[in-house]
Amino acid sequence: MSDSSMSYFPSEDISNADQQLLEKLQELARPGVRATHAMPGEFYTSPAFAEIERTKVFRRNWVCVGHTGEIPTKGDYYTTDVAGEPLIVQRDGSGEVRVMANVCRHRGNLVATGRGNKKLHVCAYHAWTFELDGKLKRAPLMQDSPFLDTARCALPTIATTVWQNFIFVNLDGNAPPLAQSLAPLETHIRNYHHEERELYHSTEEVWQTNWKCLAENFMEGYHLNATHPRTLRPVTPTELCEYVEGNGHFSAYRAHYTPDSSQRAPHHPELSADERRFSFLFSVFPNLVVTYMPHQTVYLCLRPKTVDSVAVRWGIAGHEQAPDEASVASYVAFADAFNAEDRTKLETLQTGLHSSFYNPGPLACDNLEGTLRDFYAYIGKQVIE
Ligand code: FES
Ligand SMILES: [Fe+2]
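Quick note, the sequence shown lines up with residues 125 to 509 if you use our numbering.
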């Protein structure tokens, strides 16, 4: 390691193993370098590295917080958090998606909890009341206060953008426009017309694995045969996976269908004959993983909780108009089945990654694990910049 190479990291705060991890990531961030092996355990288990990720990955980039279908009506909202910042994600009075800090401008209580529909947000502590655009409307019994400047007491609005019906926030407000970074990805997915797909189902779960284990699992096709022998393998076996080159902001692969599998429908008429015969799986770095099937979308929006746990906000959208309850229940049951297969592997994986005997093994070819190479390079680039 050169003297300057680790100047980004206060060495007194991190262990030797963490230093080695940062060196490794620095190497993987170099242009043209592609990982040959999996990552060391500290990548998934180190609290010090998780803290670096929190500031360098999750505060500085566009981070997905959900799907616009979760808040279809003016006043709809839900609460979430990114990098420890509590947020209100809502449809404001003008019908726009707006994300605000969920922190009262009086003494810091959470203004909203859970989800629902509100015309105003009233802090439960002393009843300061905020408009849907964040402006302070009322501070009870403080009309004579010489210190209250209402105009300076709005809830902060967070930089927000909607892309393909997914809601993204950028906490530091300095990230370049997301759509610009993802323009090459859009050429692959425009025919799906995801913006026309209706959200059928969304929910949140906590899985006992590092968030990157789940991100990586969703973006690689190598595990399909062994992990999903009866759910996914019959239609999208590992052998038919095809890597798609990313651009540093996303990774992707096509999971081609077996020739004898039935056509998934209904789908958009602009989908080409080829596109009707594969699922397009992609990851918008850092935390959104998605599969666009000809007829449906399954997405997972990931939020690290601890090094060993991740909050998974996931959902299903599709081209079928207003499917009946039984149909939706069957789509959810299928997704629950393959998610459960992943989850058991990822939770045992997390235990293995803590072992001192874990020694990273070689990665498979790009068609099977090339997206992991893209992801490691992305994380490397973020943490050394
Ligand atoms: S902390 Fe919200 S009204 Fe006092
Ligand atoms: Fe899987």
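The C-beta atom is built at its ideal place from N, Cα and C for all residues, glycine as well.
As the structure is a computational prediction, the values presented were derived from the model and not from experiment.
Is any heavy atom in ligand 2 found nearer than 7 Å to the beta carbon of residue i?
i: Asn341; result: yes
i: Asn352; result: It should be pointed out that residue 352 corresponds to His in this sequence rather than to Asn. Within the cutoff, so yes.
i: Phe458; result: no
i: Phe462; result: yes
i: His347; result: yes
i: Gln142; result: Reading off the sequence shown, one finds Asp at residue 142, where the question assumed Gln. Answer for Asp142: no, Cβ out of range of ligand 2.
Three-state secondary structure (DSSP) at residue i?
i: Ser128; result: Low local confidence applies: a pLDDT of 42 at Ser128 is under 50, so the model's placement there is unreliable, with the coordinate-based value given in what follows. The answer is coil: DSSP assigns Ser128 none of H, G, I, E or B.
i: Glu335; result: Reading off the sequence, residue 335 comes out as Trp, not Glu. Helix.
i: Arg497; result: helix
i: Gln445; result: coil
i: Thr284; result: strand
i: Leu356; result: coil
i: Pro428; result: strand
i: Leu256; result: coil
i: Arg222; result: strand
i: Glu340; result: helix
i: Glu143; result: Looking at the sequence itself, residue 143 is Gln, so the reference to Glu does not match. Gln143 falls in the helix class under three-state DSSP.
i: Lys242; result: coil
i: Asn483; result: coil
i: Arg229; result: coil
i: Ile195; result: coil
i: Glu329; result: strand
i: Gly439; result: strand
i: Glu319; result: helix
i: Asn294; result: strand
i: Phe83; result: Absent from the model: residue 83. The displayed extent of the chain is 125 to 509, so no value can be given.
i: Gln387; result: coil
i: Tyr381; result: coil
i: Pro171; result: helix
i: Asp466; result: helix
i: His347; result: coil
i: Pro210; result: strand
i: Val181; result: helix
i: Tyr324; result: strand
i: Leu395; result: coil
i: Gln420; result: strand
With distances taken Cα to Cα, identify the nearest neighbour of residue i among the options.
i: Asp205; options: Phe342, Thr421, Pro164, Ala435; result: Ala435
i: Gly190; options: His312, Gly238, Val286; result: Val286
i: Gln506; options: Pro484, Pro393, Phe409; result: Phe409
i: Ala464; options: Leu295, Pro280, Trp252, Leu356; result: Leu356
i: His230; options: Pro393, Gln474, Arg262, Gln420; result: Arg262
i: Glu444; options: Leu260, Met417, Asn298, Ile313; result: Met417
i: Glu310; options: Pro390, His391, Val368; result: Val368
i: Arg400; options: Ser407, His312, His391; result: His391
i: Arg183; options: Phe271, Ala207, His380; result: Ala207
i: Ala397; options: Phe406, Leu405, Ser407, Pro383; result: Pro383
i: Asn411; options: Trp186, Gly476, Ala159; result: Trp186
i: Met163; options: Tyr502, Ala450, Asn483, His312; result: Asn483
i: Glu209; options: Leu260, Arg276, Val293, Ile176; result: Val293
i: Ile138; options: His312, Ala153, Ala174; result: Ala174
i: Gln181; options: Pro428, Gly442, Ser454; result: Reading off the sequence, residue 181 comes out as Val, not Gln. Val181 has its Cα closest to that of Pro428, out of Pro428, Gly442, Ser454.
i: Asp432; options: Gly165, Asp142, Thr169; result: Thr169
i: Ser407; options: Glu255, Thr281, Asp498; result: Asp498
i: Glu394; options: His318, Ser451, Phe167, Asp200; result: His318
i: His380; options: Asp448, Asp142, Arg388, Val359; result: Val359
i: Trp252; options: Gly165, Pro270, Glu177, Gly232; result: Gly232
i: Cys228; options: Leu211, Thr475, Arg314, Gln143; result: Leu211
i: Phe462; options: Ala501, Asn349, Leu426, Asn226; result: Asn349
Should residue i be listed as close to ligand 3, given that the test is whether its C-beta is under 7 Å from any heavy atom?
i: Asp466; result: Inclusion of ligand 3 in the displayed structure is not the case, the ligand content consisting of ligand 1 and ligand 2 alone.
Exercise. In chain order, what residues place their C-beta within less than 7 Å of a heavy atom belonging to ligand 1?
Worked result: Listed by chain position, these are Cys228, His230, Arg231, Gly232, Asn233, Val235, Cys247, Tyr249, His250, Ala251, Trp252.
Any contact of the segment 140 to 150 with the segment 258 to 272, i.e. 3+ C-beta pairs under 8 Å? Between the segment 140 to 150 and the segment 258 to 272 there are fewer than three inter-stretch CB-CB distances shorter than 8 Å, so the stretches are not counted as touching.
For the segment 298 to 315 against the segment 354 to 374, are there 3 or more C-beta pairs whose distance is under 8 Å?
Yes, they touch.
### Query
Do the segment 318 to 333 and the segment 184 to 200 make contact, defined as three or more Cβ pairs closer than 8 Å?
Touching, yes, given that three or more Cβ pairs across the two stretches are closer than 8 Å.
### Message
With three or more C-beta pairs closer than 8 Å as the rule, is the segment 242 to 258 touching the segment 216 to 229?
### Response
Flag = yes, the segment 216 to 229 and the segment 242 to 258 touch.
Practice task
Could you tell me whether the segment 470 to 484 touches the segment 331 to 343, where touching means 3 or more Cβ pairs closer than 8 Å?
Solution key: Contact between the segment 470 to 484 and the segment 331 to 343 is established, with three or more Cβ pairs separated by less than 8 Å.
Please determine if the segment 486 to 500 and the segment 343 to 361 are in contact, where contact requires at least 3 C-beta pairs separated by less than 8 Å.
Cβ pair count under 8 Å is three or more, so yes.
- Query: Hey, is the segment 159 to 177 in contact with the segment 481 to 490, meaning 3+ C-beta pairs nearer than 8 Å?
  - Reply: As far as the Cβ criterion goes, the segment 159 to 177 touches the segment 481 to 490, which means the pair count is three or higher.
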